[in-house]
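Worksheet for the structure shown next.
In our numbering, the protein residues as written are 185 to 1055.
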């Protein structure tokens, strides 16, 4: 009976990403733990600890599940002082576990070196033997890929690297010494602490070992022999076994040594130096231990642990660890998913679950023209199925890995052959060379893109033309959408444009793979977004950014969509079915902005802009972070809100312009003078020295209003207001020309005009004086010996003015009986007391002239008389 469990999960459903969505149900396996490829086993206290590729399973002696510790790539476990140590070969670390929790990690240096595909030879896949020297408190860890042993002092975590050990696979501590089995060099290195004290050559490459009563039993995995080495005499005895002899266990009650034969699926019973029994046990038995009177065997191929009675090899307890999905597709009203380790295809729809068992491990699945295609790498074929899971036929392909159907053609990668098979609808196939380890396939813009996992590149194929894109990391999967290409690696998502220019890299915690060629990181396009399963996360991407994500407690194996729902397949919860939530309208209406002004919102990381007054968004139910994008020089009543959208909603936003102080200051006007400005057609007048305005940002046309008879230095301006500003205006009077035209004087004779106390002179016939508006009085000063037609006058100046003056020379008459009368209106004849008569002007200067002339005449007469007397 399947159980159902509701789990919260965040996911994108429309172009704007809400923070949650509904889940219909989670379908779980009947087993309480999901683990794949069990390998090592050890005991501590009253529990058994089984390492698998995705974690460590804690079991009771009757094989009930007690706990599960996620730890990808764990190999051989070891209990030291109630602490569990387990290696992680993907990250090359040693994890420290207490009370079923990882409390620390010790780096072992270097990196895991991938060899081959699914491990038909597990020795090539892990090679991390461990042993503990209780006298020196040293924990030894063998690294067969990097050819060294790490000696760790567990009291202070100090590490010593012992190099030059060619492919060390196992380590055994016995009687104060440590023995390192080196597979490649056919010898055993003996250590005392960290010092090499001896090298023992053996007949065959050593794999794993055990020491019983001074006899070392050594398996040689590839040669189907066990070497029995007498540590006292050095004698070696070869015992033939079944295929791929592997791990050992010792029963102290009967003195037997038990050997797992990985390739034969059997357990051999050895007493002293001969095989005394051989029993079939299951697929690919790996590690084996003796505990509480029972033998516990890890069946790698069956994903199973069995407890055996060592006397008759009967099964006492057993547990099958739940296998895991690998790939899934949606077709019609069903979802189809492959179970690689269970050798079956499962069909899920509203009527329930249906399955078909296969004779080989199904890996990738696709649909084309109503046919379901499934790759089976181990049987070198593609199976054709009907939608009801009936086998229709087979396509022979060497090592088929990933498969897609596009435009009538099947495209199949061959991981070990480094090929892409192109299978046309009329049969046959075309082979395209790729890089090493081709696996995942996608289609983008008509191009077939293949991830070459072992050569860190992409192979791109279209219409018979192939090109390669080199990468700096191992690509697991790839997807292209909306001018972006997402390449997913084991620890990163690299985002490129169409020309493969790198735009962004998003890093995440590396995860391991259940088998080396399996990409956890599947991707699909859903509701205008890219959904990527990477490691323990389901991420939603728009453009170059991840805008939402959800973290699982386990690794996501595959994702697909059907009828608007998301199906997430993972080892722990098998399949999580997520239902598309209801859609509501979110209306955001603004007021206060000038027509055509751009504004907008940012909602859950997506930016939307408009020049309209209303934004209408159709969004799935959920929680949204809403930020108002305010135009420059404006503020609003709302800046940020958390919106819980459970129904149609309208939000009103009111924008107000930011006002700036604009000051116009005048200088030069008499107190009380009225002046002003006209700004964008609006007139403002003032009798003060300043005009203060508050204006929003913008460009304004300004005209200055000057008082009559005044002008300013800036009569028209265009001003750009983006902050407080001050404009200083200088007013000056308008000057008019007052022109005095004089006539009657000889050239070069100077004459003057006194206006309101200021004297102006010229030796020309014209005197031009610039004066502002006002009332003026003036006096004309004629040259000596001349009088003027105008002596005094007044005028009011409001325009240019011309005054004409006539000058006349003063004429002296020697006859005393004659009086000369003045010819101008303001000139009178004056008679002095002497015998001479002359024209006397009211001007005192003329009188002085007349007196001077008389004195000259008198002096002349006296001189004449004096000269005549001298004679």
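Heads up, the beta-carbon is just placed ideally off N, CA and C, and yes, glycines get one too.
As the structure is a computational prediction, the values presented were derived from the model and not from experiment.
Cα separation between residue 480 and residue 400? 21 Å
Rounded to a whole number of angstroms, what is the C-alpha to C-alpha distance between residue 464 and residue 448? 8 Å
Could you check the C-alpha separation between residue 297 and residue 333 for me, to the nearest Å? Note on residue 297: pLDDT 35, under 50, position unreliable in the model; the coordinate value appears next. So the two alpha carbons sit approximately 16 Å from each other.
Per-residue DSSP class, three states only, for residue 676: strand
Neighbour-count burial assignment, residue 676, 16 or more Cβ in a 10 Å radius: buried
Within 10 angstroms of the Cβ of residue 595, are there 16 or more other Cβ atoms? Answer buried if so, exposed if not. buried
Assuming residue 387 is part of the beta strand (DSSP E), what are its boundary residues? Neither: residue 387 is in no beta strand (DSSP E) and is coded neither H nor E.
Report, in whole angstroms, the separation of the C-beta atoms of residue 313 and residue 355, which I expect to be a contact under 8 Å. 5 Å
How big is the Cα-Cα spacing for residue 749 and residue 337? 53 Å
Contact check, residue 608 vs residue 584 under 8 Å by CB: the rounded distance? Residue 608 to residue 584, Cβ: 16 Å. No contact.
Count the CB pairs spanning the region 768–780 and the region 821–833 that are closer than 8 Å, and state whether there are at least three. yes
Might you give, ordered along the chain, the residues of its own chain that have their beta carbon closer than 8 Å to the beta carbon of residue 428, omitting 5 neighbours on each side? 305, 405, 406, 408, 445, 446, 447, 448
Residue 825 to residue 720, Cα distance in whole Å? 31 Å
Looking at the structure shown, is residue 563 part of a helix, part of a strand, or coil, going by DSSP? helix
Residue interval of the beta strand (DSSP E) (run including residue 985): 985–993
What would DSSP say about residue 1053, mapped onto helix, strand or coil? helix
Is residue 258 buried or exposed, if buried means 16 or more other CB atoms sit within 10 Å of its CB? buried
If I follow the unbroken beta strand (DSSP E) through residue 917, where does it start and stop? 909–917
Residues bridged to residue 636 (per DSSP): 622, 641
Residue 231 and residue 244 closer than 8 Å at C-beta: yes
Starting from residue 901, follow its DSSP beta bridges and name the residues at the other end. 886
Using alpha carbons as the reference points, say which of 835, 679, 665, 644 lies closest to residue 657. 679
Using the rule of at least 16 other Cβ atoms within 10 Å of the residue's Cβ for burial, across every protein chain shown, is residue 362 buried or exposed? buried
Rounded to the nearest angstrom, what separates residue 286 and residue 792 at their Cα positions? 45 Å
Using only the alpha-carbon positions, how far apart do residue 216 and residue 503 sit? Confidence at residue 216 is low in this model, with a pLDDT of 46, below 50, so the placement of that residue should be treated as unreliable; the coordinate-derived value is given next. So the alpha carbons of these two residues sit roughly 11 Å apart.
Whole angstroms is fine: what's the gap from residue 819's alpha carbon to residue 803's? 27 Å
Look at the Cβ atom of residue 567, then the Cβ atom of residue 575, and state whether they are nearer than 8 Å. yes
Segment limits, beta strand (DSSP E) that includes residue 420: 420–424
Pop quiz: residue 869 and residue 856 are said to be a contact at Cβ under 8 Å. What is the actual Cβ separation, rounded to whole angstroms? At roughly 13 Å, the Cβ-Cβ gap does not stay under 8 Å, so residue 869 and residue 856 are not in contact.
Spatial distance of residue 958 from residue 902 (CA atoms): 34 Å
Specify, as a first and last residue, the run of the beta strand (DSSP E) that residue 411 falls within. 409–414
Considering only residues of the same chain and omitting the five flanking positions on each side of residue 615, which have a CB-CB separation below 8 Å? 603, 604, 605, 606
Could you tell me the boundaries of the beta strand (DSSP E) in which residue 226 lies? 224–228
List the whole-angstrom C-beta distance separating residue 423 from residue 386, where the pair is believed to meet the contact cut-off of C-beta under 8 Å. Actually they do not touch by this definition, with Cβ atoms about 13 Å apart.
Looking at the structure shown, is residue 258 part of a helix, part of a strand, or coil, going by DSSP? strand
Let me know the secondary structure DSSP gives residue 1066 once reduced to three states. Outside the shown range of the chain, which is 185 to 1055, sits residue 1066, and nothing can be said about it.
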